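Chemist: First the structure, then my questions, so here it is.
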Amino acid sequence: MTETHPTVLCDKAARGSAGVCLALLVTMAATGLADEKLPVDSLMGTGVLIDGIHANDLTTVGLRSDVYAYHETAGYQRPFEYLRAQGIRYDRVTEGVLDVERLAGYRMLFVNLVSAERPPLLVSEIAAIRSFIARGGSMLVITDHTNCYYHAWRLKPLLTELGIESYTDTACDQPPHTLAKGPGWITVTRFDPHPVTEGLRRIALQTGGPVDSRWAVAWSSDQSWADAWISGPFGEENAPGFYGNFVADADEPAGPLGIVLAKEFERGRIVIVGDQNLFGESFLHYADNYRLWLNIVAWLLHDERLRDASAYRQWRRPRIVLHEPADDPVFGNCEPQGLYNSLVLLSRHYWTFASDDLSAPADLVVFAFNEQKVETSVAQAAARHLRDGKNILILNAERQLLWDENGAIGQILDQAAAERSTPRETPGKLILDLPGGGSIHVLGPDGVLDNGVLPPPTSAPSEDQQRQAQMLLDAVRVALPSAD
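When you line the sequence shown up against my numbering, it's residues 20 to 503, in that order.
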């Protein structure tokens with residue numbers, strides 16, 4: 020009699036009776052039939068399978084100069100293109116069902132934010148995914164706030180089979196753990212030691228949700244809370260976002276809340292991230308969000324090469340760094356006085372990062388405000404950047420405070436041991452040349468370049484907004500090294 024492998028038997032059962040398949044999986048785990056003596060690498064395929072059946076596939080879309088649809092600006096095309104550049108294969112499945120054969124050729128299943136208009140996960144598919152992970156496969160699931168698009172209910176049967184809770188809350192926080200006035204855009208700085216959190220100092224969410232705290236490796240602050248969703252009868256109220264009231268009510272769980280989950284399930288690995296925007300191209304390069312992505316795919320794919328943040332930063336050029344102090348998140352601030360719109364605008368055209376870390380080489384360093392105090396280490400890094408013959412761009416400055424010793428320019432010149440020089444006047448800009456080094460370009464001065472005048476990411480610009488946007492793009496183009 021030909022011996023039938025347990026996973027093949029399970030797949031046959033799945034086609035006939037999903038309940039029988041689930042029972043088989045439990046029996047296999049209890050009796051040790053699930054390849055107990057075989058190494059994981061002998062059981063799994065390679066690369067990533069992208070689930071386009073149950074979720075909208077955003078890996079083919081991303082930032083473009085003339086695209087303003089919300090979900091496209093939050094697409095994942097660049098991070099997946101990087102995987103391909105590193106030799107990681109990925110394929111998409113857009114119809115049919117997920118079964119053992121389809122999953123068998125891959126190491127990782129990627130499930131973006133599932134949505135109510137997509138087909139639901141069948142019981143047989145849940146069994147196949149469970150078997151895939153149990154045998155050594157990995158899965159990355161993107162969730163979000165509350166029960167938006169009914170994703171929490173859609174995922175609950177699958178997560179239950181994996182021993183994971185699903186929630187219908189928003190992870191809200193209070194200053195100084197927020198990016199703007201509202202409590203939904205938050206920063207996360209508390210991390211447990213884990214391969215997924217290696218090297219992280221700060222990540223940020225644009226209104227996300229909590230994950231099961233039993234396996235959380237990233238946490239919101241003690242001042243945070245789980246804001247309950249509001250739906251109304253038949254789900255007709257507040258759809259499809261199902262936001263809460265953004266107020267910490269007495270019956271709502273208090274923080275800290277899990278934001279990123281990393282769980283080992285039998286031989287496999289699972290990561291759940293509580294915000295779709297965190298890896299979207301509009302926000303991927305904000306703070307350490309991109310490093311979280313690299314850590315996750317390195318852990319799930321068992322490929323430590325992917326963890327190299329330096330290789331990722333230098334993947335494309337020219338590279339622009341928008342300096343942002345961790346305690347003053349201007350480029351992550353969506354309020355009128357913030358500069359989030361400039362982050363997205365420059366990210367449409369350039370390899371742009373917003374960070375408080377200037378230690379890695381960049382082709383151009385941008386400061387939001389001359390009046391914003393910078394740390395000594397930042398001023399020193401900016402001075403080295405100038406001595407290398409590269410330029411700095413200041414977006415907002417008051418002429419009368421241009422040389423203030425406490426401002427960015429004054430502190431950088433002090434660290435560069437450079438004397439104050441007479442600036443060159445150009446249309447809409449001043450340029451301060453350093454002998455033997457680069458230059459400091461100052462927009463305006465006395466103009467204002469913030470979210471109030473720049474086009475928002477999801478709206479086509481007006482004539483005035485387009486003019487302001489072009490002024491910024493022209494200033495960046497001129498300030499970039501001519502060799503690039």
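The beta carbon of each residue, even a glycine, is placed where N, CA and C say it ideally should be.
Here the structure is a predicted model, which means the values were calculated and not measured.
Identify which residue in THR445, LEU414, ALA436 has its Cα closest to the Cα of PRO454.
Modeler: Checked all of THR445, LEU414, ALA436; the closest Cα to PRO454 is ALA436.
Chemist: Is the beta carbon of VAL130 less than 8 Å from the beta carbon of ILE161?
Modeler: Yes, they are a contact pair.
Chemist: Pick out whichever of LEU68, ASN389, VAL279, ASN257 has its Cα sitting closest to the Cα of ARG121.
Modeler: Ranking the options by Cα distance to ARG121, first place goes to LEU68.
Chemist: On the three-pair Cβ rule with 8 Å, is the stretch 318-331 touching the stretch 359-375?
Modeler: Too few Cβ pairs lie closer than 8 Å, so no.
Chemist: Could you tell me which uninterrupted alpha helix (DSSP H) segments, each at least 4 residues in length, are contained entirely in the stretch 430-500, listed from first to last along the chain?
Modeler: For the stretch 430-500, whole alpha helix (DSSP H) runs of length 4 or above, ordered along the chain, are 482-498.
Chemist: Relative to the alpha-carbon of PRO474, which residue among LEU414, LEU313, ASN360 has its alpha-carbon at the smallest distance?
Modeler: Ranking LEU414, LEU313, ASN360 by Cα distance to PRO474 puts ASN360 first.
Chemist: Do VAL340 and LEU377 have their C-beta atoms closer together than 8 Å?
Modeler: For VAL340 and LEU377, yes; Cβs fall inside 8 Å.
Chemist: CA-CA distance, LEU412 and GLY357?
Modeler: Each residue's alpha carbon lies about 17 Å from the other.
Chemist: Taking the C-alpha atoms as reference points, what is the distance between PRO98 and ARG439?
Modeler: Cα to Cα, the separation comes out at about 43 Å.
Chemist: Give a yes or no on whether 8 Å exceeds the smallest Cβ distance from ARG367 to chain B.
Modeler: Checking the listed chains, one finds no chain B in this structure; it contains a single protein chain.
Chemist: Distance check for LEU224 and TRP204, CA to CA, integer angstroms please.
Modeler: For TRP204 and LEU224, the distance between alpha carbons rounds to 5 Å.
Chemist: Starting from the Cα of ASP465, find the closest Cα among ALA398, GLN96, LEU414, LEU451 and give me that residue.
Modeler: Looking at the Cα atoms, LEU414 is the closest of the given residues.
Chemist: Round the Cβ separation of LEU297 and TRP238 to the nearest angstrom and send it over; I've been treating them as touching at under 8 Å.
Modeler: Not quite, the Cβ-Cβ distance comes to about 15 Å (not below 8 Å), so this is no contact.
Chemist: Leaving out five residues before and five after TRP318 in sequence, what residues of the same chain have Cβ atoms less than 6 Å from its Cβ?
Modeler: Within the same chain, TRP318 has close Cβ partners PRO214, VAL215.
Chemist: Hey, quick one: how far does the beta strand (DSSP E) through TRP234 stretch, first residue to last?
Modeler: Counting along the chain, TRP234 falls outside any beta strand (DSSP E), and DSSP gives it neither H nor E.
Chemist: Just to check my reading of the structure: ASP294 and PRO195 have Cβ atoms closer than 8 Å, yes? What is that Cβ distance to the nearest angstrom?
Modeler: Actually they do not touch by this definition, with Cβ atoms about 19 Å apart.
Chemist: Look up LYS392 in the DSSP assignment and say whether it is helix, strand or coil.
Modeler: The answer is coil: DSSP assigns LYS392 none of H, G, I, E or B.
Chemist: Thinking C-beta only, is LEU181 closer than 8 Å to LEU140?
Modeler: No, these two residues do not count as a Cβ contact at 8 Å.
Chemist: Measuring alpha carbon to alpha carbon, tell me which residue in GLY228, GLY251, LEU311, PHE253 is nearest THR274.
Modeler: The sequence shown places Gly at residue 274, rather than the Thr named in the question. Checking every option, the nearest Cα to that of GLY274 belongs to GLY228.
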